[in-house]
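Visitor: Quick one: this structure, given as structure tokens, is what I'll be asking you about.
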Amino acid sequence: MTAPDFRGDPPSHYLCSLLEAAGLPHLFTTRHFPGVSAFREPGPPLGPGAQELLTAHALAAQPAAFLKQVHGASVAHVSHGGHAGQGDALMSDKPGLPVAVFSADCVPVLLYDPEGCRVAAVHAGWRGTVQGVAGAAVDALRNEGGEP
1 MTAPDFRGDP
11 PSHYLCSLLE
21 AAGLPHLFTT
31 RHFPGVSAFR
41 EPGPPLGPGA
51 QELLTAHALA
61 AQPAAFLKQV
71 HGASVAHVSH
81 GGHAGQGDAL
91 MSDKPGLPVA
101 VFSADCVPVL
111 LYDPEGCRVA
121 AVHAGWRGTV
131 QGVAGAAVDA
141 LRNEGGEP
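Okay, here's the thing in structure tokens:
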């Protein structure tokens, strides 16, 4: 595994070379990423300042799907952008649909099934990890015929 490719000064985001090599548009952000705020229903947490970087990384064709994260293990299957309810993992098989999770001291996990063009984004805090959120996301991908 290679080290992440940090971008910006101070680093606002980074990329994974393995996902880049697979042709998967993605972005992991830091607290210095512009235009991200705390979740406030019904508005999205991604503001106008985030749009430029999302566009630069081919992630702005559609609005991102996101959840009100609750530190659990539920997985939402999403087919369109915007607020998708409560949970801690999003799974989609819709090409071009960005899925977003937000973390501070939790771990973001991105799963990819290259054969079926499925992705899952997981917000893995300690409570969700104990409840099996990452495994639930893998199971959701497999239940749709994927092999992450």
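Residue numbering for the sequence shown follows the numbering used here, beginning at 1 and increasing consecutively.
All C-beta atoms, glycine included, are put in the ideal place defined by N, C-alpha and C.
Is it buried or exposed for Gly-145, if we count other Cβ within 10 angstroms and need 16 for buried?
Guide: Here residue 145 corresponds to residue number 145 of the sequence shown, with the count starting at 1. An exposed status is given to Gly-145, since fewer than 16 other beta-carbon atoms sit within 10 Å of its beta-carbon.
Visitor: Using C-beta distances below 8 Å, list every residue in its chain close to Glu-115, excluding the 5 sequence neighbours before and after it, in chain order.
Guide: Numbered from its first residue, the sequence shown carries residue 115 at position 115. Gly-146, Glu-147.
Visitor: Going by DSSP, what residues sit across from Asp-113 in a beta bridge?
Guide: Residue 113 sits at position 113 when you count from the first residue of the sequence shown. In DSSP, Asp-113 forms a bridge with Arg-118.
Visitor: What does the alpha-carbon distance come out to for the pair Arg-127 and Pro-25?
Guide: By 1-based counting over the sequence shown, the position of residue 127 is 127. By 1-based counting over the sequence shown, the position of residue 25 is 25. Taking the straight line joining both Cα atoms gives about 29 Å.
Visitor: Going by the CB atoms, is the gap between Thr-30 and Ser-17 shorter than 8 Å?
Guide: For the purposes of this step, residue 17 is taken as residue 17 along the sequence shown, with counting starting at 1. For the purposes of this step, residue 30 is taken as residue 30 along the sequence shown, with counting starting at 1. Against a cut-off of 8 Å, the Cβ pair of Thr-30 and Ser-17 comes out as no contact.
Visitor: Where Ala-137 and His-77 are concerned, what is the direct C-alpha to C-alpha distance, given to the nearest angstrom?
Guide: As a working mapping, residue 137 is identified with position 137 in the sequence shown. As a working mapping, residue 77 is identified with position 77 in the sequence shown. Their Cα atoms are separated by approximately 10 Å.
Visitor: For Pro-63, which residues of its own chain have a beta-carbon under 6 Å away from its beta-carbon, when the five flanking residues on both sides are left out?
Guide: Position 63 of the sequence shown, counting from 1, holds the residue named residue 63. Excluding positions up to five away in sequence, the list reads Gly-81, Gly-82.
Visitor: Do you know how far the Cα of Val-99 is from the Cα of Ala-60?
Guide: By 1-based counting over the sequence shown, the position of residue 60 is 60. By 1-based counting over the sequence shown, the position of residue 99 is 99. Near 11 Å, if we compare the C-alpha coordinates of Val-99 and Ala-60.
Visitor: Can the beta-carbon of Val-109 be found less than 8 Å from the beta-carbon of Gln-86?
Guide: The residue labelled residue 109 in the question sits at position 109 within the sequence shown. The residue labelled residue 86 in the question sits at position 86 within the sequence shown. No, the pair does not count as a contact, with Cβ atoms beyond the cut-off.
Visitor: Kindly indicate the opening and closing residues of the beta strand (DSSP E) around Val-130.
Guide: Counting from 1 along the sequence shown, the entry for residue 130 is found at position 130. Run containing Val-130: none in the beta strand (DSSP E); it sits in the alpha helix (DSSP H), 126-131.
Visitor: So Ser-92 and Val-119 are in contact, right, with Cβ under 8 Å, and what is the actual spacing, rounded?
Guide: Against the sequence shown, residue 92 aligns to sequence position 92. Against the sequence shown, residue 119 aligns to sequence position 119. Under the criterion of beta carbons closer than 8 Å, Ser-92 and Val-119 qualify as touching, at roughly 6 Å.
Visitor: Excluding the 5 residues preceding and the 5 following Met-1 in the sequence, name in chain order all residues of the same chain whose CB lies nearer than 8 Å to its CB.
Guide: Stepping through the sequence shown from its first residue, residue 1 is reached at position 1. The predicted model places Met-1 with a pLDDT of 48, which falls under 50 and marks its position as unreliable; any figure quoted below should be read in that light. These residues qualify, in order along the chain: Leu-18.
Visitor: Tell me the rounded alpha-carbon separation between Leu-90 and Leu-111.
Guide: Translated into the one-based positions of the sequence shown, residue 90 becomes position 90. Translated into the one-based positions of the sequence shown, residue 111 becomes position 111. Spanning the two alpha carbons is a distance of roughly 10 Å.
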